[in-house]
Amino acid sequence: MSPFLSPAIIDDFIQAVYFIAALLFIIGLKRMSSPKGAKTGIVWAGVGMLIAGLITFLWPGMHNYTLIIVAIFIGGVAAWWSGRRVPMTAMPQMVALYNGMGGGAAAAIAAEELIREQTLTLAPVSLAVIGGIIGAVSFSGSLIAFAKLQGIINKSLRYRIQQVVNSLVLLITVALGIWIIVLHGTAPMYVVIAFFALALLFGILVTLPIGGADMPVVISLYNAATGLAVAFEGFVIGNAAMIIAGMVVGAAGTLLTQLMAKAMNRSIANVLFSNFGETATGSAADIAGSLKPIDAGDAGVMMAYANKVIIVPGYGMAVAQAQHKVWELTQLLQNRGVTVKFAIHPVAGRMPGHMNVLLAEAGVPYDLISDLEDINPEFATADVALIIGANDVVNPDARNKPDSPIYGMPILNADKARNTIVIKRGQGRGFSGVENSLFYMDNTRMLYGDGQAAVTQLIQSIKATE
Amino acid sequence: MIDGFIALYIFMLAAFTGYEVISRVPVILHTPLMSGSNFVHGIVLVGTMVALGNAQNLGEQVIGFIGVLLAAGNVVGGYVSTERMLSMFKTSEKKKPESRA
Chain A
2 MSPFLSPAII DDFIQAVYFI AALLFIIGLK RMSSPKGAKT GIVWAGVGML IAGLITFLWP
62 GMHNYTLIIV AIFIGGVAAW WSGRRVPMTA MPQMVALYNG MGGGAAAAIA AEELIREQTL
122 TLAPVSLAVI GGIIGAVSFS GSLIAFAKLQ GIINKSLRYR IQQVVNSLVL LITVALGIWI
182 IVLHGTAPMY VVIAFFALAL LFGILVTLPI GGADMPVVIS LYNAATGLAV AFEGFVIGNA
242 AMIIAGMVVG AAGTLLTQLM AKAMNRSIAN VLFSNFGETA TGSAADIAGS LKPIDAGDAG
302 VMMAYANKVI IVPGYGMAVA QAQHKVWELT QLLQNRGVTV KFAIHPVAGR MPGHMNVLLA
362 EAGVPYDLIS DLEDINPEFA TADVALIIGA NDVVNPDARN KPDSPIYGMP ILNADKARNT
422 IVIKRGQGRG FSGVENSLFY MDNTRMLYGD GQAAVTQLIQ SIKATE
Chain B
120 MIDGFIALYI FMLAAFTGYE VISRVPVILH TPLMSGSNFV HGIVLVGTMV ALGNAQNLGE
180 QVIGFIGVLL AAGNVVGGYV STERMLSMFK TSEKKKPESR A
């Protein structure tokens, strides 16, 4: 081998490429945090990933190249195929799935290091164990989150001594982890297997009781967790790119999770360990007023002659695939000189910003879409607030009724608009199971029906006024 | 190659970087960004490649293989979903002449 290609030079070269990859990841994420640069941001990060992946084939002393290529091919093609064909409404669970895979991969590195016959020093063995737990929990937990959002698991499993059982499983897992650390990674094989099995079990147990409404927070939390696991395993195997990228994602994901939990006025611990939705029932008896239906003809006229309409979309709109019709309705109103805005609650949809993506898919430009803080003062000047498929996020009880389970959650003040039209499939409650007093207010009218059909009728009735 | 305290500094600085990068992001981009950061931790792929590359016996090969497979899914799935979401965003500049017509 010529001196130019000595192992030391190859190693320097690999490290240099990893450095560039880490830089590209950070630049990519930075670009992704503004609408203008977002599209190129993912490309920057993608280039970083590509060069880091390719250069790793030069890593000295490796074998099993065929296995590596086969595994990349199978995993890559399966993810490509699934990622291309899922509808946008299903994106949150796909993100959960891909994220879980990353967590599982980090746990696999930990497992590899811990079953190998070697004595590790304290720092690497500790981080291998901690990263192993986090990665394994993120893996099994994300799979459960995926199964729940996909509708494979419908029930939220809850039983009385659940917290005790979960704590016990976690405690034993941690104890086994400490055992492995104390023995510097030379613990018997069955201890390592039990350790990972229990960590996986804990991920399942802790995610099963969490309701669908809380899934965005959970997915975001597991995303951050996988980042941390990757960073820790990066330390174990001495890979700076993994440390930096994992840590950046860990910190960013933690911040995102906090933002989301804050938007629901709940702590992350509360999301994970409370049985929200189980006991939360308000009764209609406490609410003054009645549900007043309206037909699409009257509702359409009301909107056609309004100066300003604010549309509040919720996940129900996406389920009914009504976003394209909503955009058609918006354009129709705009052509009549009506100001139309969209008000998005931070936790609308299944992930923060999910609703924005769904509206963007339908062609709604993002400058028509406003956040909670920006739009709330504007409701007072709106003639019509059109609520489509949203429920808890417009419930004024969150402001007014201290004994309501959702009290304190920031909401969109749709009740302040001069008129409120609620498009709703039936008289059911929202995700939280709480009765919505907005629906009973004097200036609220209920337009019953499937979201897409109702908006189509609205469009027809507005056209009829021309 | 990366020893104790140097690693600690890297951990700290990277954490602040992540926090800073995200702190000024509009809500509209939260989902694509979560998906994008999901893609970035797919870098775990290089770690699993090295792990499988150094696997000595069947047990290690199986774990390593699963690791690479999962990591590749993370990378490709993360990229595809992020790219699909971001390709949908546009401003109303195109819309304005249309609405006057």
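Just so you know, the protein sequences line up as chains A and B, in that order.
Just add 1 to wherever you are in the first sequence, counting from 1, and you've got our numbering.
Just add 119 to wherever you are in the second sequence, counting from 1, and you've got our numbering.
Idealized CB from N, CA, C, for every residue including glycine.
Output the residue ranges of the alpha helix (DSSP H) runs that lie fully inside the segment 302-374 of chain A and measure 4 residues or longer, sorted by chain position. 316-320, 324-336, 355-363
Since ILE463 (chain A) and THR421 (chain A) are thought to touch, with beta carbons under 8 Å apart, how far apart are those beta carbons, to the nearest angstrom? Here the question's residue 463 (chain A) lines up with position 462 in the first sequence. Here the question's residue 421 (chain A) lines up with position 420 in the first sequence. Their Cβ separation, rounded to whole angstroms, is 18 Å, which puts ILE463 (chain A) and THR421 (chain A) out of contact at 8 Å.
ASN224 (chain A) touches chain B at which residues, Cβ-Cβ below 7 Å? To locate residue 224 (chain A), count along the first sequence from 1; it is residue 223. Chain B residues near ASN224 (chain A): MET153, SER156, ASN157.
What would DSSP say about TYR446 (chain A), mapped onto helix, strand or coil? Numbered from 1 along the first sequence, position 445 holds the residue referred to as residue 446 (chain A). According to the sequence shown, residue 446 (chain A) is Arg rather than Tyr. DSSP places ARG446 (chain A) in strand when its eight states are reduced to three.
Roughly how many angstroms lie between the CA atoms of LEU189 (chain B) and ILE181 (chain A), to the nearest whole one? Here residue 189 (chain B) is taken as the residue at index 70 of the second sequence, counted from 1. Here residue 181 (chain A) is taken as the residue at index 180 of the first sequence, counted from 1. One C-alpha to the other measures close to 25 Å.
When DSSP labels each residue in this structure, what does LEU385 (chain A) get in the three-state scheme? Here the question's residue 385 (chain A) lines up with position 384 in the first sequence. For the sequence presented, residue 385 (chain A) should be read as Val rather than Leu. Three-state DSSP puts VAL385 (chain A) in a strand.
When the Cα of ILE162 (chain B) is compared with those of A:ALA107, A:ALA418, A:ASN396, A:VAL423, which residue comes out closest? The residue you call residue 162 (chain B) lines up with position 43 of the second sequence. Closest by alpha carbon: A:ALA107.
Local conformation of VAL423 (chain A) per DSSP, three classes: Position 422 of the first sequence, counting from 1, holds the residue named residue 423 (chain A). Note: VAL423 (chain A) maps to strand in three-state DSSP.
For LEU448 (chain A) versus ALA300 (chain A), is the C-beta distance shorter than 8 Å? Within the first sequence, the letter at position 447 stands for residue 448 (chain A). Within the first sequence, the letter at position 299 stands for residue 300 (chain A). The answer is yes: Cβ separation under 8 Å.
Since HIS64 (chain A) meets chain B, which of its residues come closer than 7 Å, beta carbon to beta carbon? Here residue 64 (chain A) refers to the residue found at position 63 when the first sequence is read from its first residue. By Cβ distance, chain B contributes GLY172.
Counting pairs of Cβ atoms below 8 Å between the segment 231-240 of chain A and the segment 127-135 of chain A, do you hit three or more? yes
Determine the extent of the alpha helix (DSSP H) in which TYR441 (chain A) is found, giving its start and end residues. Stepping through the first sequence from its first residue, residue 441 (chain A) is reached at position 440. No alpha helix (DSSP H) contains TYR441 (chain A), which DSSP labels as neither H nor E.
Determine, for PHE124 (chain B), whether the minimum Cβ-Cβ distance to residues of chain A falls below 8 Å. The count along the second sequence starts at 1 and reaches residue 124 (chain B) at position 5. PHE124 (chain B) does not count as touching chain A.
Validate contact between the segment 197-206 of chain B and the segment 155-173 of chain B using beta carbons, cut 8 Å, 3 pairs: yes
What residues in its chain sit with their C-beta under 6 Å from that of ALA1 (chain A), if we drop five residues either side in the sequence? The structure shown has nothing for residue 1 (chain A), since chain A only spans 2 to 467.
If you draw a straight line from the C-alpha of ALA133 (chain B) to the C-alpha of VAL249 (chain A), how long is it? Counted from its first residue, the second sequence places residue 133 (chain B) at position 14. Counted from its first residue, the first sequence places residue 249 (chain A) at position 248. Rounded to the nearest angstrom, the two C-alpha atoms are 5 Å apart.
Evaluate HIS149 (chain B) with the Cβ neighbour count: other Cβ atoms within 10 Å of its Cβ, from every protein chain shown; 16 or more gives buried, anything less gives exposed. Start at 1 with the first residue of the second sequence, and residue 149 (chain B) comes out as number 30. Buried: at least 16 other Cβ atoms inside 10 Å.
By the 9 Å beta-carbon criterion, what residues does the segment 184-198 of chain B contribute toward chain A? PHE184, ILE185, GLY186, VAL187, LEU188, LEU189, ALA190, ALA191, GLY192, ASN193, VAL194, VAL195, GLY196, GLY197, TYR198
Are any of the Cβ atoms in chain A nearer than 8 Å to that of LEU177 (chain B)? On the second sequence, position 58 is the one that residue 177 (chain B) refers to. It does not; no Cβ of chain A falls within 8 Å.
Sort out for me which residues DSSP pairs PRO8 (chain A) with in a bridge. Looking up residue 8 (chain A) in the first sequence gives position 7. Note: PRO8 (chain A) sits in no beta bridge, so no partner.
Closest Cα partner of VAL456 (chain A) within the set A:VAL423, A:GLY290, A:ASN392, A:VAL175: Taking the first residue of the first sequence as position 1, residue 456 (chain A) is located at position 455. The candidate whose alpha carbon is nearest that of VAL456 (chain A) is A:VAL423.
Given a threshold of 16 other Cβ atoms within 10 Å of its Cβ, counted over all protein chains shown, does GLY101 (chain A) qualify as buried or as exposed? Within the first sequence, residue 101 (chain A) is the residue found at index 100, counting from 1. Under this definition GLY101 (chain A) is a buried residue.
Can a CB atom of chain A be found closer than 8 Å to the CB of TYR138 (chain B)? Taking the second sequence and counting its residues from 1, one reaches residue 138 (chain B) at position 19. Answer yes: the Cβ-Cβ gap between TYR138 (chain B) and chain A drops below 8 Å somewhere.
Locate the alpha helix (DSSP H) running through PRO217 (chain A), then write down its first and last residues. Numbered from 1 along the first sequence, position 216 holds the residue referred to as residue 217 (chain A). PRO217 (chain A) -> alpha helix (DSSP H) spans 216-237.
Between HIS469 (chain A) and chain B, is any beta-carbon pair separated by less than 8 Å? There is no way to answer for residue 469 (chain A), as the model of chain A reaches only from 2 to 467.
Would a check of beta-carbon distances place ARG337 (chain A) closer than 8 Å to chain B? In the first sequence, counting from the first residue as 1, residue 337 (chain A) sits at position 336. No - not a single Cβ of chain B is within 8 Å of the one on ARG337 (chain A).
Check the C-beta distance from VAL170 (chain A) over to LEU206 (chain A) and give it rounded, since I have them as a contact under 8 Å. Your numbering for residue 170 (chain A) matches position 169 in the first sequence. Your numbering for residue 206 (chain A) matches position 205 in the first sequence. The Cβ separation is near 6 Å, so the contact holds.
Please report the distance separating the alpha-carbon of ALA253 (chain A) from that of LEU292 (chain A). One-based indexing of the first sequence puts residue 253 (chain A) at position 252. One-based indexing of the first sequence puts residue 292 (chain A) at position 291. Their backbone Cα atoms lie some 44 Å apart in a straight line.
For PRO36 (chain A), which residues does DSSP report across the bridge? Along the first sequence, one-based indexing puts residue 36 (chain A) at 35. According to DSSP, which records beta bridges pairwise, PRO36 (chain A) is partnered with nothing at all.
I want to see whether chain B comes within less than 8 Å of LYS263 (chain A), judged by CB atoms only; does it? On the first sequence, residue 263 (chain A) is found 262 positions in, with the first residue counted as 1. So no, LYS263 (chain A) is outside the interface.
Within chain B, the residues that MET95 (chain A) reaches when beta carbons sit closer than 8 Å: Sequence index remark: in the first sequence, residue 95 (chain A) carries index 94 (1-based). GLY196, SER200, listed in chain order.
Classification of ILE125 (chain B) by the beta-carbon crowding that lies within 10 angstroms, buried from 16 upward: Stepping through the second sequence from its first residue, residue 125 (chain B) is reached at position 6. Per the 10 Å Cβ criterion, exposed.
Using DSSP's beta-bridge definition, name the partner residues of PRO294 (chain A). Position 293 of the first sequence, counted from the start, is the residue given in the question as residue 294 (chain A). Beta-bridge pairing links PRO294 (chain A) to A:MET447.
Those runs of the beta strand (DSSP E) which lie wholly inside the segment 156-201 of chain A and span at least 3 residues: none
Compare the C-beta of ARG117 (chain A) with all C-beta atoms of chain B and state if any pair is closer than 8 Å. Start at 1 with the first residue of the first sequence, and residue 117 (chain A) comes out as number 116. Output row for ARG117 (chain A): interface = yes.
Tell me, please, whether the segment 136-153 of chain B touches the segment 351-360 of chain A by the rule of three or more beta-carbon pairs shorter than 8 Å. yes
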